[in-house]
Structure formats: structure tokens, C-alpha cells
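Read through the structure below, which is laid out as C-alpha cells, and then see the notes.
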Amino acid sequence: MTTPVTQDCHYLSISGISCAGCVAAVETALRNIPGVTEANVNFAERTAQVIGSPDSATLIQAVQAAGYDAVEQRGFTAFTAEAERDAVENAHYQRLIRNTLVAGTLAVPLMLAEMLGYLPVLATTMGQMFWIITGLLTLVVLIYSGGHFFTGAWRQFRYHNANMDTLIALGTGSAWFYSMLVALFPGDIPSLAQNAYFEAAVTIIALINLGAALESRARGKASRAIQRLLGLQSRTARVVEGDRERDVPIETLNVGVLIRVRPGEKIPVDGVVTGGQSTIDEAMLTGEPLPVSKQEGDFVTGGTLNQKGTLIFRATQVGEDTILAHIVASVRQAQGSKLPIGRLVDRVAAVFVPMVLIIAVLTALVWFNFGPVPKAGYMLVTSLTVLIIACPCALGLATPISIMIGVGKAAEYGILVRDGEALQRVGQMTTVVLDKTGTVTVGRPTVSALIVAEGFDETDVFRQVAGLEAGSEHPLAQAILSAAVDRGVTVPSLQHFQTFTGQGISGEVEGQSLLVGNRYLLDTFGVDMTAFESHAVRLAATGQTPVFIAIDGQAAGVIAVSDPVKPDSLAAIQRLRELGLRVVLLSGDHKATVAAIAAQVGIEAEAVYAERLPTDKANVITSLQASGEVVGMVGDGINDAPALAYADIGLAIGSGADIAIESAGITLVRGSLHGIADAVALSRAVLVNIRQNLFGAFLYNGLGIPVAAGALYPVTGVLLNPMLAGAAMALSSFTVVSNANRLRGFQPKGTPII
Numbered sequence: 001m002t003t004p005v006t007q008d009c010h011y012l013s014i015s016g017i018s019c020a021g022c023v024a025a026v027e028t029a030l031r032n033i034p035g036v037t038e039a040n041v042n043f044a045e046r047t048a049q050v051i052g053s054p055d056s057a058t059l060i061q062a063v064q065a066a067g068y069d070a071v072e073q074r075g076f077t078a079f080t081a082e083a084e085r086d087a088v089e090n091a092h093y094q095r096l097i098r099n100t101l102v103a104g105t106l107a108v109p110l111m112l113a114e115m116l117g118y119l120p121v122l123a124t125t126m127g128q129m130f131w132i133i134t135g136l137l138t139l140v141v142l143i144y145s146g147g148h149f150f151t152g153a154w155r156q157f158r159y160h161n162a163n164m165d166t167l168i169a170l171g172t173g174s175a176w177f178y179s180m181l182v183a184l185f186p187g188d189i190p191s192l193a194q195n196a197y198f199e200a201a202v203t204i205i206a207l208i209n210l211g212a213a214l215e216s217r218a219r220g221k222a223s224r225a226i227q228r229l230l231g232l233q234s235r236t237a238r239v240v241e242g243d244r245e246r247d248v249p250i251e252t253l254n255v256g257v258l259i260r261v262r263p264g265e266k267i268p269v270d271g272v273v274t275g276g277q278s279t280i281d282e283a284m285l286t287g288e289p290l291p292v293s294k295q296e297g298d299f300v301t302g303g304t305l306n307q308k309g310t311l312i313f314r315a316t317q318v319g320e321d322t323i324l325a326h327i328v329a330s331v332r333q334a335q336g337s338k339l340p341i342g343r344l345v346d347r348v349a350a351v352f353v354p355m356v357l358i359i360a361v362l363t364a365l366v367w368f369n370f371g372p373v374p375k376a377g378y379m380l381v382t383s384l385t386v387l388i389i390a391c392p393c394a395l396g397l398a399t400p401i402s403i404m405i406g407v408g409k410a411a412e413y414g415i416l417v418r419d420g421e422a423l424q425r426v427g428q429m430t431t432v433v434l435d436k437t438g439t440v441t442v443g444r445p446t447v448s449a450l451i452v453a454e455g456f457d458e459t460d461v462f463r464q465v466a467g468l469e470a471g472s473e474h475p476l477a478q479a480i481l482s483a484a485v486d487r488g489v490t491v492p493s494l495q496h497f498q499t500f501t502g503q504g505i506s507g508e509v510e511g512q513s514l515l516v517g518n519r520y521l522l523d524t525f526g527v528d529m530t531a532f533e534s535h536a537v538r539l540a541a542t543g544q545t546p547v548f549i550a551i552d553g554q555a556a557g558v559i560a561v562s563d564p565v566k567p568d569s570l571a572a573i574q575r576l577r578e579l580g581l582r583v584v585l586l587s588g589d590h591k592a593t594v595a596a597i598a599a600q601v602g603i604e605a606e607a608v609y610a611e612r613l614p615t616d617k618a619n620v621i622t623s624l625q626a627s628g629e630v631v632g633m634v635g636d637g638i639n640d641a642p643a644l645a646y647a648d649i650g651l652a653i654g655s656g657a658d659i660a661i662e663s664a665g666i667t668l669v670r671g672s673l674h675g676i677a678d679a680v681a682l683s684r685a686v687l688v689n690i691r692q693n694l695f696g697a698f699l700y701n702g703l704g705i706p707v708a709a710g711a712l713y714p715v716t717g718v719l720l721n722p723m724l725a726g727a728a729m730a731l732s733s734f735t736v737v738s739n740a741n742r743l744r745g746f747q748p749k750g751t752p753i754i
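Going by the UniProt record's numbering, the sequence shown opens with residue 1, and the numbers climb by one from there.
Set out below in C-alpha cells:
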């Protein structure tokens, strides 16, 4: 027997990546490790998410072997250390601004002197000395303000790679080297080729540092959703130890400790109340504006806000096991994922820098062989401009930055996206299939009637049914058990319990055999329920669910369970239609019950599928797909899991069963169907934004590189100035990030929960 291989998820902070080519190099290095099943690098966040069996040390070694550095983010500290990460990002931003100012100190006077015609010529001794000193000052600036480009390029060269640093280092380095030759040996250079490009080199360094600083600040704004989620987390907890209390960091908490929370404080971790009474603001989880009453035995969630009373609770989930930690992890994982179109862009980016280098060499050869005099000058300017203007950064940022902001914005509205593909698919959805119980309805059914056959005692029947339902977790079972508590019924013990998925249950209570479920189940067992047919039809017509009861093979009665429609279901379904979606209601409930609920929320009779078993629900999904529909399934129960898995995109209600949530690509934290409309609207906005980014990035490079190579020279007689190329390159990434940041202002019609 083989032991299953453990698949762990590792998060790494990657340093040294400067463009999409770096992303491809790191991902290739990680994916080539035996045991790694998936590796995604988020260029916008400079992080890597790796799934597989290798340990973190092996992963870090692979990243270092590719010419980069990595540090593992461990456990919940990967998320609670966001403040430290912000400090690092701010220090990086300050360093880039410093580099810009230093380079600008030399670049601005040189540019002004050139524009005003004050720069001396090389023909004089004083002129030569001026340019030699300028060259040395330029070298100092290149080392101080541009040293990271050169060290990055050298590191890539050592590992037989090339990236954006390579292009910048080659471009500015070539300009400086050629200019120093001209300054040192003017007599050996033809007079027409005696041009120095020191001001171009320092200006390019200044502009690229400035662009990187603006991009860094814009990227910081893009990740605010994670910061807002983490802002819900308390930093410390007040632990009760006998007669004394002490504040401890939440990272040190263990399951089982007692914690006291006073009015106005946040619940630090998940747990069960053991003492006190209070009301809790759970809007961050449910979106419900009204506070929820909590007392002994109730569950409290980390990140929610205690309002009036004092509570003592026992921690049940701490660290990365809390609900808030799972939400943050879900957002982080989705932000690091890729859309299908993003993988295509990655393949283009992987060969982008080598192609630019080839184009630069070809440009130099063409101008050297066919260009006008001075050939060396034209050759240098055009090849330098090609190297500088090419921007793999804009290409690499186009997709991940929009995904990162879109997923974060979704989290603000209570929509947890599993990955980038789910984000894309929900926007492409044409038909949305809704489960009834807990999705369209409130999901908290109550017993509304009990009708028993002649010869049966109503109290005895209800007591035995409650005993049978004690073995089930179905919402209808919970309704019956809740009614038993209200009536003061003592629930008897249960034996030989059995579940018939989507139909009902059976078992032995007080020595009698019970069968409780829908008409199909009782017909299967040969129980004649004809006497209760009229009652069932009457109850179902008003939206109540009839549940049939048989005792020892005889029809014993029917119990009615009522589950009201959510107040906002009708408005939400109207929004879905306004978005161009077809809405279908799919349920295993009685046909008349489902039809009544559909009428209340405005779903047409032809779009209603009732009395469907879990396998039948999956068949309905595949049938709709066969007709050309892109189908989304929304559900919250075990019965919905097959349909969720078969759908093009599954959406689970966050309060539902774990198996339903695991089968879904998107989880709606709050129960409102408005979350579906919000998800669709947001997905479409993200996809439009990504297309804009990609169009801009490809257009910029597609037009910029030929112009830089001198394609317009035969017509205009003018070459693109390398400094303008540097400015354009610096602004291209900032433009992409700024365009993506427009998503931060996107507001669906729903209400944000964080």
C-alpha cells in the first residue's frame, strides 16, 4: 500500500523580479521541481503560490538558482505581517524617489543647458574636460540611482536569462560607454559622430525610477482589500487564567483557552460562548446590518465586533484555522491565480526580452550598413531607443493587477473567488440555476401543520418523527427538532438510521419502523399515501413543503414545513435579468411547492424544475449546457454538490454545507442573491479592464518599438529621442496600473460588508 503524497500550499515573497520575463523564469524553475503540481507568480504582488510536496527550502533554492531571492511566508503570519510588508514597500518607494531626485539633479541641468545651447563642444580642451567630468558624474549617478538595474542584469546574465534590467542596463550602459569614448578620444571619432549621450543616460534612469515609484504606489493601493480584511483582526486577546487575566498576541493562542471580550472590542478568534450575554455586529461576515444576540453555547467569529455586553468564550479555531483567516487565504489565493488569457500573455512575455534584444541588434546592423553619416551615431541612438522603449512590465501587469483588484473588490462585497478562471467564467454566464431551499428562500424552515391518519395520535407521531429527524442535518429536520423543543417534546432514541439522498430518511424509533420523506420515497417502499394527496396539494400551493410519514408501513400523516422567500430575492432576480441572464429554479421539493415559490419571485413556469434528485439536478445542468448555455449553479446543500460540480461555474451560499462550498468556484459570504448580480457585474468590469490593459500594452510595444527603430525616419527625417523613449517606458506601466485601479471605484448595486 502506497502512502499518499501530502500536497502543501507554500507562499513565497519573491525579490528581484522586474518584468513578465522574470515571472516566467521563476515559474519555470518552480514547476521543474519534482512534486510541484502548480506554481503561480503574481507579478503585481511579487509573490509566488506553490502547491506540491517539496519543502520550502527546496523551493527557495530553485528560485535562487534562477537568479532571484525568496522568503517563505509561514502560516497565519503570512497575513498578519501585512503591516511589515507595507513598511518594506514604503521603504522601496522612498528609495526609488531618492534615486529619481539624485539622477534628476544631474539630468535637469544637462537638458536645460542643451536646450539653451550652453553645452561646450569637444574641440576645446575645456570642452573635453567638461565632458569627461560629466561622464564621471554620470557614472556615479548610474551606480547610485541605476545600480539595481545593472546588478539585476548581471545576475540574469550569470543564470543565462534576460529581463527588463538587461534592456535598461544595456541601453544606458552603451550610451555612457560610447559617450566616454567620444570624450576621451575625440580625435579618433569622426566629427559628425562626436555626440555625447550622458544626459540621455541619466534622464532615462531618472524617468524609469520615477515610473517604478508611481507604479509601486499604485500597486499598494491595489492591495487594500487584503489590508481591510486584516484590519478586522484583533492583535491581542485577553486570556482568562483562573482569577487573573492577561493580554497575549493572537499568534500565541491555543485551542481551548478562555477569552474575555469587553464591549466595543473585536472577537479575536473563533469560539463558543461559555458565559455572559451580548450582541455581535457580524456585518463583515453576513452583510446583515442588525446585531446578533449571543449567549452561552453560541458560536462567535473572529473579526466580528462585540457591542454591549461582556462575553467569555472558549477558542475553537485559532491562527490560520479561523474563518477570517480562510477568507483572507481565499482572497490571496485568487489574487495569485491566472486567467486563461493571462497564461497566453505569460508565454509571449517569456520570449519578449530576447526578441527585443534581437530587434535591437538588427536595428543597429541596418543603420550601420544603410544609414546616413554618422553611421555609428545613428546606430547607437536607434538601438538604444529600442532597448529603452520596450516595456515587458506593462505586458506582465496587464492581467494580474486587474485580477488582484477585482478579487479584492469582490471580497468587499462578500464574494469569495476561488481563482481567476472562476472570476472570468461568472462574467460569461448566460443562465443561472437557483436551488430553492436556503438560496431563494430563507433556509430556516418552521413546522406549520401536522395532519395524521385516523387511529394515530398526533403527539405520538410528532415525537417519533422528531426522534427520526435527530439523525439528519437537513434544514427540514432542524425545523422539526426546533418545533419539538418549542413543544417540550422529549426526543426518543434512534436506531438503524438511513438516508436516501434527495428523498428522505428511515429508522427505528420506540420499536417502530419510520419512513419520512417525499412522495417518491414512500411510493418506492409501497406505502399508499393517496389519503393525504389533497392535503399535500393544498399545502404546496401556498409554498409549504409536505413531508409524508409512514409508520410500520402504514400511511401515518403529513407534516408541513414552511420556508419563506428571502425579502430581496425578487429584486435580485430582476437584476439578474437586467444583466441578460436567464434564471432557472431547480429543486427536489414538491412540484406545487416549487411552482408557488417561483411565482413569488417572478420565475416563469417553463424555467422551473421540481422533484429532482441530486443526479437529476446534474442532468438538468448538462442539458442546458448542451443547448449552448454557459451555466452557473447556485446552491447551499449536500444535494447541490453534483450540480455545482457539473456547472460551468458553481456559486455556493457561504452558510451552506462544506461540500457545497468546496464544489463551487465562488462563495457568497452573505445569503443574498444580490451577490450573484454583483459577481457578474464585477467580473464583466474586470474582463473589460484586462482587455483595455492588454490592448494598451500590445499597442504601445507594437507601435513604440518600430518607431524607436526609425521606421518613421524615411518619411519625417526625425528619430525618436531616447529620453522620450525612457519617459514613455516609465509611464506605460504606471498607465496600466492606474487603469486597473479604476476598478477600485467600481460599485455594484449591493452593499459592501468590509
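All residues carry an ideal CB built from backbone N, CA and C; glycine is no exception.
Between the alpha carbons of residue 153 and residue 213 lies a distance of about 20 Å.
Less than 8 Å separates the beta-carbon of residue 400 from that of residue 44. Counting the other CB atoms within 10 Å of its CB gives residue 668 a total of 16 or more, which places it among the buried residues.
Setting aside the 5 residues that flank it on each side, residue 630 is surrounded in the same chain by 428, 429, 430, 648, each with a C-beta closer than 6 Å to its C-beta; the list follows chain order.
Non-local beta-carbon contacts of residue 451 in its own chain, meaning distances under 6 Å to residues more than five positions away in sequence, involve 535, 557, 558 in chain order. For residue 109, the secondary structure class from DSSP, reduced to helix, strand or coil, is helix. Taking a C-beta distance under 8 Å as the contact criterion, residue 274 and residue 314 qualify as a contact pair. Within the same chain, Cβ atoms closer than 6 Å to the Cβ of residue 403 are found at 420, the five residues on either side in sequence being excluded.
For the pair residue 562 and residue 445, the CB atoms are nearer than the 8 Å cut-off.
In this structure, the alpha-carbon of residue 393 lies about 26 Å from that of residue 51. The Cβ atoms of residue 553 and residue 507 lie no closer than 8 Å to each other.
When secondary structure is reduced to three states using DSSP, residue 267 falls in the coil class, being assigned neither helix nor strand.
In this structure, DSSP gives residue 10 an extended state, which the three-state scheme calls strand.
The bridge partners DSSP lists for residue 566 come to none.
Secondary-structure assignment with DSSP links residue 210 through no beta bridge to anything. Collapsing the DSSP output to three states places residue 54 in coil.
Sorting 332, 598, 719 by C-alpha distance to the C-alpha of residue 372 places 719 at the top.
For residue 240 and residue 414, the gap between their C-alpha atoms comes out near 33 Å.
The continuous beta strand (DSSP E) containing residue 237 extends over residues 236 to 241. For the pair residue 368 and residue 344, the Cα-to-Cα distance works out to about 36 Å. Rounded to whole angstroms, the gap between the alpha carbons of residue 722 and residue 149 is 17 Å. Relative to the Cα of residue 739, the nearest Cα in the group 748, 688, 726 belongs to 688.
Non-local C-beta neighbours of residue 529 in its own chain, meaning closer than 7 Å and more than five positions away in sequence, comprise 519, 522, 548, 555, ordered along the chain.
DSSP places residue 496 inside the beta strand (DSSP E), whose first and last residues are 494 to 500. Rounded to whole angstroms, the Cβ separation of residue 318 and residue 297 is 20 Å, and the two are not in contact under 8 Å. The distance from the Cβ of residue 592 to that of residue 540 is about 3 Å, consistent with a contact at the 8 Å cut-off. Residue 725 and residue 40 have their alpha carbons spaced roughly 31 Å apart. Cα atoms of residue 596 and residue 566: separation of roughly 14 Å, rounded to the nearest angstrom.
The shortest CA-to-CA distance from residue 512 to any of 304, 579, 550 is the one to 550.
In the structure shown, the three-state DSSP call for residue 591 is helix. DSSP places residue 508 within a strand segment (E or B) once states are collapsed to three. Per DSSP, reduced to three states, the secondary structure at residue 445 is coil, with no helix or strand assignment.
Spatial neighbours of residue 380 in its own chain (CB-CB distance under 6 Å, excluding positions within 5 residues in sequence) are listed in chain order as 178. Burial check for residue 322: the Cβ neighbour count within 10 Å reaches 16 or more, so the residue is buried.
Scanning its chain for C-beta atoms nearer than 6 Å, with the 5 sequence neighbours on each side dropped, one finds around residue 200 the residues 175, 722, 723, in chain order. The alpha helix (DSSP H) runs lying completely inside the region 140 to 205 and spanning 4 residues or more are 164 to 184, given in chain order.
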